[in-house]
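Below is one structure, written out as structure tokens; the observations come after it.
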């Protein structure tokens, strides 16, 4: 390899940015030249302006290319395309097959959440998420029988768990709040949005680090503080009340309990404040435990509920009964 070849390859590497191959699914033509990294070098895999079948992308995933590369400029074009697609699906949600529209929107919201994680200060990205979530919440509230098939469909899509967890747990939350019969539709919508955005503070930690079982001490500090960071990121930027911000700030109460239990310390005055905060905690834990992580297998719904019982069963018997009845009905088809 001569000096000119080395220069060209180095220049190419410096101008490329990584992104998930999932961003290329279900678009008419690829808006960027796509490169893969194979055998120690970048290879031109997909060409800009060409049609790419989903089967082709699945084959690339099977070969280990879940992360691909494009120029910084063309990645921005891809990002703009995905944002416009989500905007269009949101605006036309009630037209045609709303169940299919909902499935499309779930995937598009998740792809766009990655963009928000990349730049949490982007008001346009945040507002697009917020407006799309309001439409999604309205559908979920009015169609509780759709929750279980939507959950199963979405859980099977293979999104990175950091971006899938907010929707999985928030779907559960809508169902529990509906079951409790304590809230009107607008209240449920606001708590759905609260639940979804509660982990935006995790954007302070690079995504690839969440695939590791052990975080660095600094990352552990940032992870422990992410509820507070989430509230600070959202403050004054979306229409959530101070009470909803408090739910976000306190949504990892159980994680705090676990940490102190592990360290053999005692916190006698620590309590979960409010039914809503309790339910956000519960839905988050259940969704996480029954989902696979890179460093562990998924647990059963029975194991997840046993963990919930050990924390709140005696102190919140009425709330725990609501939780048990909800998940028993939700997972009826899987436990028979």
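In the UniProt record's numbering, the protein residues as written are 1 to 336.
Note that the Cβ used here is the ideal one computed from N, Cα and C, for glycine as well.
Since the structure is predicted, the reported quantities are computational estimates derived from the model, not experimental observations.
Legend entry - Length of the line joining the Cα atoms of residue 122 and residue 240: One-based indexing of the chain shown puts residue 122 at position 122. One-based indexing of the chain shown puts residue 240 at position 240. Take the alpha-carbon of residue 122 and the one of residue 240: they are about 18 angstroms apart.
Inset, instruction - Compare the C-alpha of residue 279 against each of 290, 293 and 250 and name the closest. - result: Reading the chain shown from its first residue, position 279 is the one you call residue 279. Considering only alpha carbons, the answer is 250.
Legend entry - Alpha-carbon to alpha-carbon, residue 27 and residue 52: Within the chain shown, residue 52 is the residue found at index 52, counting from 1. Within the chain shown, residue 27 is the residue found at index 27, counting from 1. Looking at the two C-alpha atoms, the distance is approximately 8 angstroms.
Inset, instruction - Say whether the region 213 to 220 touches the region 86 to 106, bearing in mind that this needs 3 or more beta-carbon pairs closer than 8 angstroms, one atom from each stretch. - result: no
Legend entry - Distance cut-off 6 angstroms: residue 27 Cβ against heavy atoms of the ligand PLP: The ligand PLP is not among the ligands present in this structure, which contains no ligands whatsoever.
Inset, instruction - Assign residue 302 to one of two classes, buried (16 or more other C-beta atoms within 10 Å of its C-beta) or exposed (fewer than that). - result: Counting from one through the chain shown, the residue named residue 302 turns up at place 302. So residue 302 ends up on the exposed side.
Inset, instruction - Express the C-alpha separation of residue 167 and residue 184 in angstroms, rounding to a whole number. - result: If you number the chain shown from 1, residue 184 lands on position 184. If you number the chain shown from 1, residue 167 lands on position 167. Rounded to whole angstroms, residue 184 and residue 167 show a C-alpha spacing of 20 angstroms.
Inset, instruction - Enumerate in chain order the residues of its own chain whose CB-to-CB distance from residue 308 is below 6 angstroms, with the five nearest sequence positions on each side excluded. - result: Position 308 of the chain shown, counted from the start, is the residue given in the question as residue 308. For residue 308, where only same-chain residues beyond five positions count, the Cβ hits under 6 angstroms are 282.
Inset, instruction - Check each candidate in 172, 44 and 69 and name the one with the smallest Cα separation from residue 20. - result: Locating residue 20 in the chain shown gives position 20, counting from the first residue. Ranking 172, 44 and 69 by Cα distance to residue 20 puts 69 first.
Legend entry - For residue 34, three-class secondary structure by DSSP: Against the chain shown, residue 34 aligns to sequence position 34. Looking at residue 34 - three-state DSSP - the assignment turns out to be strand.
Inset, instruction - Within 10 angstroms of the Cβ of residue 208, are there 16 or more other Cβ atoms? Answer buried if so, exposed if not. - result: Looking up residue 208 in the chain shown gives position 208. Burial call: exposed.
Inset, instruction - At 4 residues or longer, and completely inside the region 65 to 118: list those alpha helix (DSSP H) runs for me, N to C. - result: Whole alpha helix (DSSP H) segments, 4+ residues: 72 to 91 and 98 to 118.
Legend entry - DSSP three-state assignment for residue 314, whether helix, strand or coil: Mapped onto the chain shown, residue 314 falls at position 314. Coil at residue 314, not helix or strand.
Inset, instruction - Taking all protein chains shown into account, decide if residue 272 is buried (16 or more other Cβ within 10 angstroms of its Cβ) or exposed. - result: Within the chain shown, residue 272 is the residue found at index 272, counting from 1. Residue confidence is low: residue 272 scores 44 on pLDDT, short of 50, so the model does not pin down where it sits. Its coordinate-derived value is still stated next. Buried, since its Cβ has 16 or more Cβ neighbours within 10 Å.
Legend entry - Under the three-state DSSP convention, the category residue 147 falls into: As a position in the chain shown, residue 147 is number 147, starting the count at 1. In this structure, residue 147 counts as helix in the three-state DSSP scheme.
Legend entry - C-alpha gap between residue 99 and residue 319, whole angstroms: Residue 99 sits at position 99 when you count from the first residue of the chain shown. Residue 319 sits at position 319 when you count from the first residue of the chain shown. Taking the CA atoms as reference points, residue 99 sits about 31 angstroms from residue 319.
Legend entry - the region 85 to 97 touching the region 196 to 212, judged by at least three CB pairs closer than 8 angstroms: They do not touch, by the three-pair rule.
Inset, instruction - Closer than 7 angstroms by C-beta to residue 132: which residues in its own chain qualify, once you throw out the five before and the five after it? Chain order, please. - result: One-based indexing of the chain shown puts residue 132 at position 132. Only 86, 90, 105 and 109 meet the Cβ criterion.
Legend entry - Where residue 328 sits in the DSSP three-state scheme: Along the chain shown, one-based indexing puts residue 328 at 328. Helix at residue 328.
Inset, instruction - For the beta strand (DSSP E) holding residue 132, just list the boundary residues, first then last. - result: One-based indexing of the chain shown puts residue 132 at position 132. That residue, residue 132, is in no beta strand (DSSP E); its alpha helix (DSSP H) goes 123 to 142.
Inset, instruction - Could you give the DSSP three-state label for residue 43: helix, strand or coil? - result: By 1-based counting over the chain shown, the position of residue 43 is 43. In the structure shown, residue 43 sits in a strand (DSSP, three-state: E or B).
Inset, instruction - Could you name the residues of the same chain whose beta carbon sits closer than 8 angstroms to that of residue 386, not counting the 5 residues immediately before and after it, in chain order? - result: Since the first residue shown for the chain is 1 and the last is 336, residue 386 is missing from the structure and cannot be characterised.
Legend entry - Own chain, CB closer than 8 angstroms to residue 54, minus 5 neighbours either side, in chain order: The residue you call residue 54 lines up with position 54 of the chain shown. Excluding positions up to five away in sequence, the list reads 25 and 26.
Inset, instruction - With distances taken Cα to Cα, identify the nearest neighbour of residue 39 among 17, 226 and 64. - result: Indexing the chain shown from 1 puts residue 39 at position 39. The shortest C-alpha separation from residue 39 is found at 64.
Legend entry - Spatially closest choice to residue 147 from 155, 129, 163 and 175, by CA coordinates: Along the chain shown, one-based indexing puts residue 147 at 147. Among 155, 129, 163 and 175, the Cα nearest to that of residue 147 belongs to 175.
Inset, instruction - Could you have a look at residue 20 and say whether DSSP puts it in helix, strand or coil? - result: Taking the chain shown and counting its residues from 1, the one referred to as residue 20 is at position 20. Reduced to three states, the DSSP call for residue 20 is strand.
Legend entry - One or two residues paired with residue 309 in a DSSP bridge: For the purposes of this step, residue 309 is taken as the residue at position 309 of the chain shown. Its beta-bridge partners do not exist; DSSP assigns none.
Legend entry - Host alpha helix (DSSP H) of residue 160 (start-end): Sequence index remark: in the chain shown, residue 160 carries index 160 (1-based). Residue 160 -> no alpha helix (DSSP H), and no H or E assigned at all.
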